[in-house]
Amino acid sequence: MVKFSRRRLLAAAAGLSWGCRGAEVATEAPATESLAAEPPEGPELLATYYPTPLPVVRLMLEMSGLRPGDLLYDLGSGDGRIVLMAAREFGAHAVGYEIDELLIAESRSAIKAADVEDRAEIRNEDLILADYSAPDVISTFLTPEGLAKVTPRLEQTLRPGTRLVAYKFPLPGWTPERVEELVDEDPEIPLHEVFLYRWG
């Protein structure tokens, strides 16, 4: 049976946060940006750069049960905010997978500024070919098309007990063991859904 619960984003929690600069993260979303926007289509598209709100990042890591010393892979790591929080606040070893060169450079700069280079890194690798046998936790905010392409590789290489936490889009064909929703203060913004899975 899937555990389901709903939380409310408090205004004081700085609901949306976008754009990492060094070790600092902005807490205001640009007026022209929206998570409700439809990502552009493309045959090789795995993720579109929509930075995950920081309250959602924290919820994802808390739901995953991330502990000090755990190894986390973040698929489509963007500006590195999940990697940074996992390493800096949860004491985990975190690896981000990203193909955008500008985002890779920005993430690596943020990791250096936060002085967590000993337990955080960004890799420029193909998610469809990656080996997922090592991590304790995998986090993702990929498009449905991207998840459909990556899921077969996950199923081939994951070890039993690996926890997966997905924001906004569920893993195709998988049943979550837990689902949480964050309700934004702005009623025009869709619910922020987070799905927790356990492999094997």
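Numbering (my numbering), first residue to last: 11 to 210.
Ideal Cβ placement from N, Cα and C applies to all residues, glycine included.
Among the residues of its own chain, which have a CB less than 7 Å from the CB of residue i, if the five just before and after it don't count?
i    : result
S170 : Position check: residue 170 holds Pro in this sequence, whereas Ser was assumed. W209 and G210.
N134 : E108, I109 and I114
P180 : P186 and F205
M98  : Note on residue identity: the sequence assigns Arg, not Met, to residue 98. Excluding residues within five positions, the ones whose Cβ falls inside 7 Å are A124 and V126.
A96  : L71, L76, L82, A102 and A104
A33  : With a pLDDT of 33 at A33, under the threshold of 50, the modelled position of that residue is not reliable, and the figure given next carries that caveat. Once the five neighbours on either side are set aside, the close Cβ partners of A33 are A120, A123 and A124.
V67  : R91, I92 and M95
Given a cut-off of 8 Å on the beta-carbon distance, is the pair residue i and residue j in contact?
i    : j    : result
S119 : S87  : no
K159 : I138 : yes
E190 : V204 : yes
T167 : S149 : no
P65  : F100 : no
D146 : D80  : yes
Output needed for residue i: all residues of its chain with C-beta closer than 6 Å, excluding positions within five of it in sequence on either side, in chain order.
i    : result
V214 : No statement about residue 214 is possible, as the shown extent of the chain runs from 11 to 210 and does not include it.
T172 : W209
Y175 : A small correction: the amino acid at residue 175 is Val; Tyr does not occupy that position in the sequence shown. The answer, listed in chain order, is M70, M73, S74, S149 and L206.
E198 : none
W184 : Y207
H202 : V66 and L192
E165 : none
Taking Cβ positions only, does residue i come closer than 8 Å to chain D?
i    : result
V147 : Given the protein chain composition of this structure (a single chain), no chain D is represented.
Starting from the C-beta of residue i, find all residues in its chain whose C-beta is less than 8 Å away, skip the five residues before and the five after it, and write them out in chain order.
i    : result
T62  : M70, G88, R91, I92, F151 and Y177
P182 : P154, L157, A158 and T161
I121 : G90, V93, L94, A97, E127, A130, E131 and I132
R163 : L137, I138, L139, A140 and Y142
E111 : N134
State the beta-bridge partners of residue i as determined by DSSP.
i    : result
A130 : A104
A7   : Nothing can be reported for residue 7, as the shown portion of the chain is limited to 11 through 210.
D84  : G106 and S149
Is any non-hydrogen atom of the ligand MN found closer than 7 Å to the C-beta of residue i, if you look at the structure I gave you?
i    : result
D110 : Of ligands this structure carries none, so the ligand MN is not represented either.
(request) Could I get the ranges of all uninterrupted beta strand (DSSP E) runs contained in the segment 98-122, with 3 residues as the minimum, in chain order? (result) 103-107
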